[in-house]
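Colleague:
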Amino acid sequence: MKELMESLGEVAGTTGSRWDIYTVLRELSAKVENLEKAGNERHKVAFSASLFRSSQHRGPFNIDTTLIFTNVITNIGQAYNSGTGVFAAPVRGAYYFTFTCNSGTTGKVNAALLKNGQNMAAVIENGYVDSMGSNSVILQLDEGDHVNIILWSDNSIYDNGYRSTFTGVLLFPM
1005 MKELMESLGE VAGTTGSRWD IYTVLRELSA KVENLEKAGN ERHKVAFSAS LFRSSQHRGP
1065 FNIDTTLIFT NVITNIGQAY NSGTGVFAAP VRGAYYFTFT CNSGTTGKVN AALLKNGQNM
1125 AAVIENGYVD SMGSNSVILQ LDEGDHVNII LWSDNSIYDN GYRSTFTGVL LFPM
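Sequential numbering of the sequence shown, starting at 1005, is according to this note's numbering.
Structure, rendered in structure tokens:
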């Protein structure tokens, strides 16, 4: 585009209506660049958070419970809410999510990733003390869709700042 405008400027010279066309094209080019930049900024979505900042267990609970990952590591686009534990898709697109759970001293942690309340992926870890489980999934989301992690009833989870995490990123808008 820049080369085209330079060529047009040379051909048009500095007088008359040709120069006016060159000026209009230069202004339109700048506007297109600004719109492309704004569009790219709108589509930058990535977050990562751990459950706690310090060493803690959560659970067991009598019911399935949404996990609130309060230790936000990054939240580009502000789509993850660390007050509720819910990610809300700001644009329609393909998103990649991964979550990791540590059992701590109980040896049992069972959790699931939900899309609008429906189970999409699960971690089932009924092994040893301090055992880890993780899962990943690519989801097609519409704007406003919600993704969160739940701890199934009668389970507990442990974190010390970086063992139990929830991460998501927009791969591309659709």
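Backbone N, C-alpha and C define an ideal beta-carbon position, used for all residues, glycine too.
Keep in mind that this is a model prediction, so the values were computed, not measured.
1. Pull up the distance between the alpha-carbon of Asp1163 and that of His1047, whole angstroms please.
2. What's the call for Glu1129, buried or exposed, on a 16-neighbour Cβ count within 10 Å?
3. Quick one, which of Thr1027, Met1178, Gly1097, Thr1169 has its alpha-carbon nearest Ser1107's?
4. Within the continuous beta strand (DSSP E) that includes Asp1163, where are the two ends?
5. Going by C-alpha distance, which of Gly1131, Asn1159, Cys1105, Val1133 is nearest Ser1140?
6. Could you say if the region 1059-1068 and the region 1082-1090 meet the contact criterion of at least three C-beta pairs nearer than 8 angstroms?
7. Is the distance from the Cβ of Trp1156 to the Cβ of Ala1098 below 8 angstroms?
8. Under three-state DSSP, which class holds Glu1026?
9. Name the DSSP bridge partner or partners of Val1113?
10. Would you mind stating whether Phe1051 and Phe1091 have Cβ atoms separated by less than 8 angstroms?
11. Which one or two residues does DSSP pair with Thr1104 in a beta bridge?
12. Can you tell me where the beta strand (DSSP E) with Arg1057 in it begins and where it stops?
Modeller: So, from the listed chains and residues:
1. The C-alpha of Asp1163 lies about 31 angstroms from the C-alpha of His1047.
2. Buried.
3. Ranking the options by Cα distance to Ser1107, first place goes to Thr1169.
4. For Asp1163, the enclosing beta strand (DSSP E) covers residues 1161-1163.
5. Closest in alpha carbon position to Ser1140, among Gly1131, Asn1159, Cys1105, Val1133, is Cys1105.
6. Cβ pair count under 8 angstroms is below three, so no.
7. No; because the gap between Cβ atoms is not below 8 angstroms, this pair is not in contact.
8. According to the sequence as given, residue 1026 is Tyr; it is not Glu. DSSP, read as helix, strand or coil, puts Tyr1026 in helix.
9. DSSP lists Glu1129 as partners of Val1113.
10. With contacts defined as CB atoms closer than 8 angstroms, Phe1051 and Phe1091 qualify as a contacting pair.
11. Partner(s): Ser1138, Thr1169.
12. For Arg1057, there is no enclosing beta strand (DSSP E), as DSSP marks it with neither H nor E.
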